[in-house]
Amino acid sequence: MTAGEDRVTVRSVEALDGRALAQLAELYRTAGFVEPDDDPAAWLPEILHGSLLAAAAFADGELIGFGRALSDGRSDAFLQDVAIVPAWRKRGVGRKVVEHLIAELRARGVDWIGLIAAPGKDEFYRRLGFAELPGHIPMRLQ
Numbered sequence: 001m002t003a004g005e006d007r008v009t010v011r012s013v014e015a016l017d018g019r020a021l022a023q024l025a026e027l028y029r030t031a032g033f034v035e036p037d038d039d040p041a042a043w044l045p046e047i048l049h050g051s052l053l054a055a056a057a058f059a060d061g062e063l064i065g066f067g068r069a070l071s072d073g074r075s076d077a078f079l080q081d082v083a084i085v086p087a088w089r090k091r092g093v094g095r096k097v098v099e100h101l102i103a104e105l106r107a108r109g110v111d112w113i114g115l116i117a118a119p120g121k122d123e124f125y126r127r128l129g130f131a132e133l134p135g136h137i138p139m140r141l142q
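Going by UniProt numbering, the sequence shown runs without a break in its numbering and finishes at 142.
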């Protein structure tokens, strides 16, 4: 356990209060998930509502990490938007968020869980049991 990790709690969230929502919006900005002039606080409630699961990490009442799962709740699920406040990175918070999402998905019977790792994050996900999908190419509609 790293310093401060014992103060971290991770829980599933369906909605966030104004303060936590503002902290999540700032985390989305810090992680580079949004354009600089975008206001994620305006649409993050919809993202939470549209996700099968969302997990938030808290320390001393502050939101310090987040991740969510997109799925129909029965077959495949995709993890998305896993991000940790910079001061809390490399302290086990990301692992706790991902492990929480995996446990909740498995409890629902979802056993195929995938993601697209950002450059340089693949080793983090490998340590959590993820592997590349040989012969598959991630694609995005242009």
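All C-beta atoms in this analysis are idealised placements derived from N, C-alpha and C, irrespective of residue type, glycine included. On a predicted model such as this, the values are computed, not experimentally measured, just so you know.
Within a Cβ cutoff of 6 Å, which residues of the same chain sit near Gln23, ignoring the five residues on either side of it in sequence?
Reading the sequence shown from its first residue, position 23 is the one you call residue 23. Leu63.
Could you tell me the boundaries of the beta strand (DSSP E) in which Gly32 lies?
Translated into positions along the sequence shown, residue 32 becomes position 32. Careful: Gly32 lies outside any beta strand (DSSP E) and carries neither H nor E.
Taking Cβ to Cβ, would you say Asp15 is nearer than 7 Å to Ala25?
To locate residue 15, count along the sequence shown from 1; it is residue 15. To locate residue 25, count along the sequence shown from 1; it is residue 25. For the record, residue 15 in the displayed sequence is Ala; it is not Asp. No, these two residues do not count as a Cβ contact at 7 Å.
Comparing C-alpha positions only, which one of Leu48, Tyr28 and Val13 sits nearest to Asp39?
Looking up residue 39 in the sequence shown gives position 39. Ranking the options by Cα distance to Asp39, first place goes to Tyr28.
Do you know offhand how far Pro86's Cα is from Lys96's?
As a first step, residue 86 is located in the sequence shown; it is residue number 86 there, counting from the start. As a first step, residue 96 is located in the sequence shown; it is residue number 96 there, counting from the start. When rounded, the distance between both Cα atoms is 16 Å.
In chain order, which alpha helix (DSSP H) runs of at least 4 residues are fully inside the UniProt domain "N-acetyltransferase" (8-142)?
18-31, 40-50, 93-107 and 122-127
Could you name the residues of the same chain whose beta carbon sits closer than 7 Å to that of Gly67, not counting the 5 residues immediately before and after it, in chain order?
The count along the sequence shown starts at 1 and reaches residue 67 at position 67. Contacts found: Ala55, Leu79, Asp81, Val82, Val97, Val98 and Leu101.
If you draw a straight line from the C-alpha of Trp43 to the C-alpha of Val34, how long is it?
What you label residue 43 is simply residue 43 of the sequence shown in a count that begins at 1. What you label residue 34 is simply residue 34 of the sequence shown in a count that begins at 1. When rounded, the distance between both Cα atoms is 11 Å.
Residue of Asp76, Gly50 and Phe124 minimising C-alpha distance to Trp112
Here residue 112 refers to the residue found at position 112 when the sequence shown is read from its first residue. Of the listed residues, the one whose Cα sits closest to Trp112 is Asp76.
Using the beta-carbon count (16 or more within 10 Å), is Asp6 buried or exposed?
Within the sequence shown, the letter at position 6 stands for residue 6. When all chains shown are included, Asp6 counts as exposed.
Pull up the distance between the alpha-carbon of Asp72 and that of Arg127, whole angstroms please.
Sequence index remark: in the sequence shown, residue 72 carries index 72 (1-based). Sequence index remark: in the sequence shown, residue 127 carries index 127 (1-based). Taking the straight line joining both Cα atoms gives about 26 Å.
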